[in-house]
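Chains as they are written, first to last, in UniProt numbering: chain A, 1 to 284; chain B, 1 to 471.
Written out below as structure tokens is the structure these notes cover.
Here it is in structure tokens:
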């Protein structure tokens, strides 16, 4: 009796809630830590970046208009969906060189991170907002609002690293274009399958796989992107991107060496929040 | 209109020296090159000002670093607070003098420098003084950044200085500040105030000069933080220069605010708000309400009332207490306002100004309103930074939001309506850092100020303002 031939998955991009191939028709081979072929990942192009930005921009007002409670529920739903696929992700992470224990720890931490951020959705405004005691007969308050469309260069930590940069960006109402880890892009696309089945509106997260140095400059210079997370960029790429980002004054989160296992804090959320202050006279 | 007898504020209260040095390490030192600052209302030369070159900036940064390492970072926070309270008090004591000096150097009406600028300057120092020993209630593990390089504009010279220096010092940083080349005098007076307050040498350094001095400061490797208020174009250059250096950056840049009037608005109040929104400080205000969006059904009536009100604006001597609109700050700015207004004419908008006699000498521009403005016109898209209002109309709240947000800027916006739910609906949708509802151009040290999009990033004022100066 012959062993059943497995049905392999085609790893594609994730744009606007759909899974298209790169419009360029390109792909690149992804190998495991030992050099064994795992799959061909789509190699996204500048045009794919532009399509992703269009999808993210289109989705942004609606996503921001959801109640924070609803966004929190959806993030929690992502955690639930991920929990159901623990084994799948553990296997996939082993492909990028992790031991079974390490892979399991990483998957569990990623699930817990979604849960942690889900709980933030209806609290961040209470922590960062203020009622301002101005010296006059005015009611004055400040609230955080999403920056808009954020470009993210994800770090190489293929699941926890990705979740750690993605969750804080979308939780507050931003939409995103993510360049996945170049050497280990496959878990990002599998995560997209989770996102696509978690009631997350299409376009809130758009994931591109491909060559970082090819795609990052297009993200950094795109005039309809409002913020840029350079966590996954090396020093030279980060400097180039930051310079390009100056053209429309993107908010830039520079690469930092923070231990992803510790309490992430609120800095990743506040990096892509604007503060709006509203004044109104008080009188009869 | 009533005839008013002149009511000039006396300038004798101010003693302007013939020449000023740079304020570095607690002392005034001369520079190799000099430039003149003039009274824009008369073109009279007021003083010779030192122009700091890169060596001077080096010395200033070194002095700030030394003061940071040896003195300021070691001082108990409560003592930092007391220095700032002292400074606030001296500003209050000398506020009349400083107001006159500001009006002479800047051209703004004494009524505004006396009643708006100076009270806010003192209040700002007072507000941040109180924060200095309470930072851990605002931010987890607050630590200062080090030396801040700060570059400020000419429209609110002393107020912008206060917005920069007060939070920086409260958070434990030392500063090198460059005032604008056309309005250095109140910053130099502030240097004297630092000496009167016995502020340790090097905690505040003032380097005067133009663009090159500013460049030398923001590109200096010895600073940890750049804070800039000014044009979006220069803001972009600074963001590029700072890229990859790890310096912290906050930018408060240009704006093209929509002031939106609905048909149920109290029209007389709205007219006052519109006038205050665009003619306050000659329109030299980054958050000026330079685009009036008026609901079509009341457009005609509102414009009639607005023109009647504009005809009562008194343009002239900044030191006259009756003056509403003073002098344009510089010949260069006047040329820019003229050029953009000409573009308004050329692109087909209709210009109107009340009959008003402008002085022969100095830089002047009559309050101006353009009607029939399309969103594509330059006067609807570009920041004029002068007393020029562009009027557009809308029919529905959705259209008002779309037009208001149709700009790369996002600093401020105004909404006029009697309907509370509509105010909040509008306020949620306007992509701007400050929304004034049934008011305009209000400022307070407790109120965070700053922009969305290409109006910059970071907030000044309030608890949020601390974040710009803490790690």
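Ideal Cβ placement from N, Cα and C applies to all residues, glycine included.
Residue-chain proximity (residue i, chain A), Cβ-Cβ < 8 angstroms
i, result
"residue 91(B)", "no"
"residue 321(B)", "no"
"residue 105(B)", "no"
"residue 74(B)", "no"
"residue 154(B)", "no"
"residue 217(B)", "no"
"residue 135(B)", "no"
"residue 444(B)", "yes"
"residue 439(B)", "yes"
"residue 433(B)", "yes"
"residue 502(B)", "This structure gives no information on residue 502(B), because the portion of chain B shown stretches from 1 to 471."
"residue 243(B)", "yes"
"residue 267(B)", "no"
Nearest-angstrom beta carbon gap, residue j and residue i [assumed within contact, 8 angstroms]
i, j, result
"residue 170(A)", "residue 227(A)", "Wrong, their Cβ atoms sit about 12 angstroms apart, outside the cutoff."
"residue 158(B)", "residue 121(B)", "5 angstroms"
"residue 108(B)", "residue 259(B)", "So it is not a contact: roughly 21 angstroms between Cβ atoms."
"residue 255(A)", "residue 233(A)", "6 angstroms"
"residue 121(A)", "residue 166(A)", "About 14 angstroms separates the two Cβ atoms, so there is no contact after all."
"residue 144(A)", "residue 275(A)", "6 angstroms"
"residue 277(A)", "residue 433(B)", "7 angstroms"
Assigned exposure category for residue i - 16 Cβ within 10 Å defines buried
i, result
"residue 469(B)", "buried"
"residue 396(B)", "exposed"
"residue 355(B)", "exposed"
"residue 264(A)", "buried"
"residue 168(B)", "buried"
"residue 62(A)", "exposed"
"residue 259(A)", "For residue 259(A), the predicted model reports a pLDDT of 49, less than 50, meaning its position is unreliable; a value from the coordinates is still stated below. So residue 259(A) counts as exposed."
"residue 284(A)", "exposed"
"residue 33(B)", "exposed"
"residue 164(B)", "buried"
"residue 6(A)", "exposed"
"residue 159(A)", "buried"
"residue 473(B)", "Chain B is shown only over 1 to 471; residue 473(B) falls outside these bounds and no answer can be derived."
"residue 123(A)", "exposed"
"residue 243(A)", "buried"
Neighbour flag for residue i against chain B, beta carbons, 8 angstroms
i, result
"residue 279(A)", "yes"
"residue 10(A)", "no"
"residue 238(A)", "yes"
"residue 251(A)", "yes"
"residue 318(A)", "Beyond the ends of chain A as shown, which are 1 and 284, falls residue 318(A); an answer cannot be given."
"residue 247(A)", "yes"
"residue 142(A)", "yes"
"residue 132(A)", "yes"
"residue 70(A)", "no"
"residue 60(A)", "no"
"residue 292(A)", "There is no way to answer for residue 292(A), as the model of chain A reaches only from 1 to 284."
"residue 117(A)", "no"
"residue 259(A)", "Low local confidence applies: a pLDDT of 49 at residue 259(A) is under 50, so the model's placement there is unreliable, with the coordinate-based value given in what follows. No - not a single Cβ of chain B is within 8 angstroms of the one on residue 259(A)."
"residue 243(A)", "yes"
"residue 56(A)", "no"
"residue 135(A)", "yes"
To be precise: take each residue of the region 450–467 of chain B, compare its Cβ to all Cβ atoms of chain A, and keep it if any distance is under 9 angstroms. Which residues remain? 450, 451, 452, 453, 454, 455, 456, 457, 459, 461, 462, 463, 464 and 467
Would you check if the region 40–48 of chain B and the region 193–202 of chain B touch, i.e. whether three or more CB-CB distances between them fall below 8 angstroms? no
Segment contact flag, the region 44–53 of chain B with the region 61–71 of chain B, C-beta cutoff 8 angstroms, min 3 pairs: no
Three-pair Cβ contact test at 8 angstroms for the region 257–267 of chain B versus the region 278–295 of chain B: yes
Tell me, please, whether the region 133–152 of chain B touches the region 208–225 of chain B by the rule of three or more beta-carbon pairs shorter than 8 angstroms. yes
For the 8 angstroms Cβ check, are there 3 or more pairs between the region 42–59 of chain A and the region 7–23 of chain A? yes
Taking contact to mean 3 or more Cβ pairs, one atom from each stretch, closer than 8 angstroms, check whether the region 424–435 of chain B and the region 326–335 of chain B are in contact. no
At least three beta-carbon pairs within less than 8 angstroms, the region 124–136 of chain B to the region 80–90 of chain B: yes
Is it the case that the region 132–139 of chain A contacts the region 234–241 of chain A, given that we only count it when at least three CB pairs across the two stretches are under 8 angstroms? no
With contact counted as at least three CB pairs below 8 angstroms, one residue from each stretch, are the region 336–343 of chain B and the region 301–313 of chain B in contact? no
Of the residues that make up the region 217–231 of chain B, which ones have a beta carbon closer than 9 angstroms to any beta carbon in chain A? none
Do the region 182–202 of chain A and the region 79–99 of chain A touch if we need at least three Cβ pairs shorter than 8 angstroms? yes
Against chain E: residues of the region 375–409 of chain B by CB proximity under 8 angstroms: This model lacks chain E altogether; the protein chains it does include are A and B.
Using 8 angstroms as the cut-off, can you tell me whether the region 2–18 of chain B makes contact with the region 169–179 of chain B, which would need three or more C-beta pairs spanning the two stretches below that distance? no
Given a limit of 7 angstroms on CB to CB distance, which residues of the region 2–35 of chain B reach chain A? none
Is it true that the region 85–100 of chain B meets the region 232–240 of chain B, where meeting means three or more beta-carbon pairs spaced less than 8 angstroms apart? no
Could you please tell me which residues of the region 211–226 of chain A, in chain order, have their CB closer than 8 angstroms to any CB of chain B? 226
Is the region 181–188 of chain A touching the region 38–45 of chain A, taking contact as three or more C-beta pairs under 8 angstroms? yes
Taking three-plus beta-carbon pairs below 8 angstroms as touching, is the region 230–237 of chain B in contact with the region 265–277 of chain B? no
Pairs of beta-carbons, one from the region 360–368 of chain B and one from the region 401–420 of chain B, closer than 8 angstroms: are there three or more? no
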